[in-house]
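Numbering (this note's numbering), first residue to last: 483 to 594. Cβ atoms here follow ideal geometry from the backbone N, Cα and C, with glycine treated the same way. Read the structure below first, then the notes.
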């Protein structure tokens, strides 16, 4: 699944996203807004482990937000369990240099 939008593209993660992922994810301000499982500092090893898991996931539940070929953020859908099985939580992050431009707002509407 790939959505080309006005400000960005939302697409599946790829192995070659590792360096860009580290460049944008290894930021304390980004990390402060995320779940505890998101590591800080964010290393190349963290990126490779995440990408392996994200790429192998079926159905796809984690997506890359891309601008000009670079991975600058991510969106993940986390299905609920038990009594919450009919719900999902959406998580997302974006590299700090891209904040305030409406990029994630647009990315979150992809496919709707």
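Secondary structure of residue i, DSSP reduced to three states
i: residue 560; result: strand
i: residue 491; result: strand
i: residue 520; result: coil
For residue i, the residue or residues it bridges with in DSSP
i: residue 553; result: 548
i: residue 575; result: 556
i: residue 485; result: 492
Whole-number beta carbon distance between residue j and residue i, since they are thought to touch under 8 Å
i: residue 589; j: residue 492; result: 5 Å
Continuous alpha helix (DSSP H) stretch holding residue i: start and end
i: residue 506; result: 500 to 507
i: residue 529; result: 526 to 538
Neighbourhood of residue i by C-beta, 7 Å cutoff - its chain only, sequence neighbours within 5 removed
i: residue 522; result: 510 and 513
i: residue 516; result: 575
i: residue 559; result: 543, 570 and 572
Sequence-distant residues of its chain with Cβ nearer than 8 Å to residue i (five each side left out)
i: residue 555; result: 506, 546, 547, 574, 575, 576, 577, 580, 585, 586 and 589
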